[in-house]
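As given, the protein sequences belong to chains H and P, one line each in that order.
Here our numbering runs 967 ahead of the position in the first sequence, where the first position is 1.
Here our numbering runs 967 ahead of the position in the second sequence, where the first position is 1.
2 protein chains.
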Amino acid sequence: MKPEIDVFREFLAHKGMRATPEREAILAEVFANHDHFDVEELIMRLRQNGQRISRASVYRTMALLVESGLVQEVYVEDGHMHYEHVYGHEHHCHLRCLGCRKIIEFRNGALEEVEQRIGRDHRFEVTGHKLEIYGYCPECRGQKK
Amino acid sequence: MKPEIDVFREFLAHKGMRATPEREAILAEVFANHDHFDVEELIMRLRQNGQRISRASVYRTMALLVESGLVQEVYVEDGHMHYEHVYGHEHHCHLRCLGCRKIIEFRNGALEEVEQRIGRDHRFEVTGHKLEIYGYCPECRGQKK
DNA sequence: ATATTATCGAGAATGAGTCTCAATTGCTAT
DNA sequence: ATAGCAATTGAGACTCATTCTCGATAATAT
Ligand SMILES: [Mn+2]
Ligand SMILES: [Mn+2]
Ligand SMILES: [Zn+2]
Ligand SMILES: [Zn+2]
Chain H
968 MKPEIDVFRE FLAHKGMRAT PEREAILAEV FANHDHFDVE ELIMRLRQNG
1018 QRISRASVYR TMALLVESGL VQEVYVEDGH MHYEHVYGHE HHCHLRCLGC
1068 RKIIEFRNGA LEEVEQRIGR DHRFEVTGHK LEIYGYCPEC RGQKK
Chain P
968 MKPEIDVFRE FLAHKGMRAT PEREAILAEV FANHDHFDVE ELIMRLRQNG
1018 QRISRASVYR TMALLVESGL VQEVYVEDGH MHYEHVYGHE HHCHLRCLGC
1068 RKIIEFRNGA LEEVEQRIGR DHRFEVTGHK LEIYGYCPEC RGQKK
């Protein structure tokens, strides 16, 4: 599997855009760890690495990363978007605990099949899906209000 | 099945809140048709019916309708939330066309089972789920950019 | 080297949603 | 009915995420 930096460079080249240090620093930071994150966190992490990249550039680059498919919008929480990098990872969905707000990832083959079947039934060409299951995690069961 | 207005009144009473004309007008408008909608549209429709209810009250009431379970947040599009009423309707999910942005509703029993199974595997008490399948509708297949 | 064009950063602008607070309304007890 | 009181409303101020503007800067092409 090609490293993400190459995918990104090709994506940019294909759009006639430049691979700048800012864009590459942002890409690197996004792939530096595997947690969900928001733009504010990302800016902080860049800063801690001595990178001083403007908010506008970070937002602009996030849009490119999403468009390229390297990164995905996961959910809106606390009024702003959260992301995760997806390139190089198997597709997964999320269980969300309504008690402690914890998010758990899971993979499920049967789900992918059901999704394909639903697409076929509607003559849709399916390119992806997003499933969130809500409920209460083992720790929060029982004490839910 | 109880009419939604009764459900809402009981919900409000249970919280020690009043069933005001504004709240009831909003509820009525939300259940007046079955499309997805956003707050701006709702305010417009209320206006066309001669109701002049403040933006703040509409937002406040939407929060109550969601809390009561009569209404659901469906998705964020164009930077703001979209809703649908769900009381009195079977649970359904959405297919979203990335070409024309059309949204198609579907029901699927197998999906509900898979969801339960995933919950069980993680010892989650599942209360709901939201699935969106992305792709291209029959009209948009082929001409996707 | 010079011209051209993309990109950047700073900060202004936008827009959804929330908050504040004075005026109003709807209950409840006289 | 009337008075007292708490809940609610509406207008507009406010917040905060995200986008836009535009002059300065950097990368590429001639
Ligand atoms: Mn994830
Ligand atoms: Mn729907
Ligand atoms: Zn929990
Ligand atoms: Zn379509």
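Using N, Cα and C, we set each Cβ at its ideal position, and we do this for glycine too.
Quick caveat: nothing in here was measured; it's all calculated off a predicted structure.
Three-way DSSP call (helix, strand, coil) for residue i in this model
i       : result
H:R1108 : coil
P:T1094 : strand
H:G1017 : coil
P:E1057 : coil
P:I1010 : helix
H:F998  : coil
Contact under 9 Å by Cβ, residue i with residue j
i       : j       : result
H:H1089 : P:C1104 : yes
P:L1032 : H:H1096 : no
H:I1100 : P:F1091 : yes
P:G1102 : H:G1036 : no
P:E1034 : P:Q1018 : no
P:F1004 : P:R1012 : yes
P:R976  : P:S1024 : no
P:A980  : P:I1020 : no
H:I1054 : H:F998  : Per the sequence shown, residue 1054 of chain H should be read as Tyr rather than Ile. In this structure, H:F998 lies closer than 9 Å to H:Y1054 by Cβ.
H:I1070 : H:L1062 : yes
Where the beta strand (DSSP E) through residue i begins and ends
i       : result
P:V1038 : V1038 to E1044
H:M1048 : H1047 to H1052
H:G1063 : The question names Gly, yet the displayed sequence has Arg at residue 1063 of chain H. That run of the beta strand (DSSP E) goes C1060 to C1064.
H:F1073 : I1070 to F1073
Limits of the alpha helix (DSSP H) - the one that residue i falls within
i       : result
P:L1078 : G1076 to D1088
H:F978  : E971 to H981
P:M1029 : R1022 to S1035
H:R985  : Where H:R985 is concerned, there is no enclosing alpha helix (DSSP H), given that its DSSP letter is neither H nor E.
Presumed contact (8 Å Cβ cut-off) between residue i and residue j, rounded CB distance
i       : j       : result
H:E1040 : H:M1048 : 6 Å
H:E1072 : H:H1059 : 5 Å
Where residue i falls, given that 16 or more other Cβ within 10 Å makes a residue buried
i       : result
H:C1064 : buried
H:E1080 : exposed
H:H1052 : buried
P:E1082 : buried
P:T987  : exposed
H:Y1050 : buried
H:E1007 : exposed
H:M1029 : buried
H:P970  : exposed
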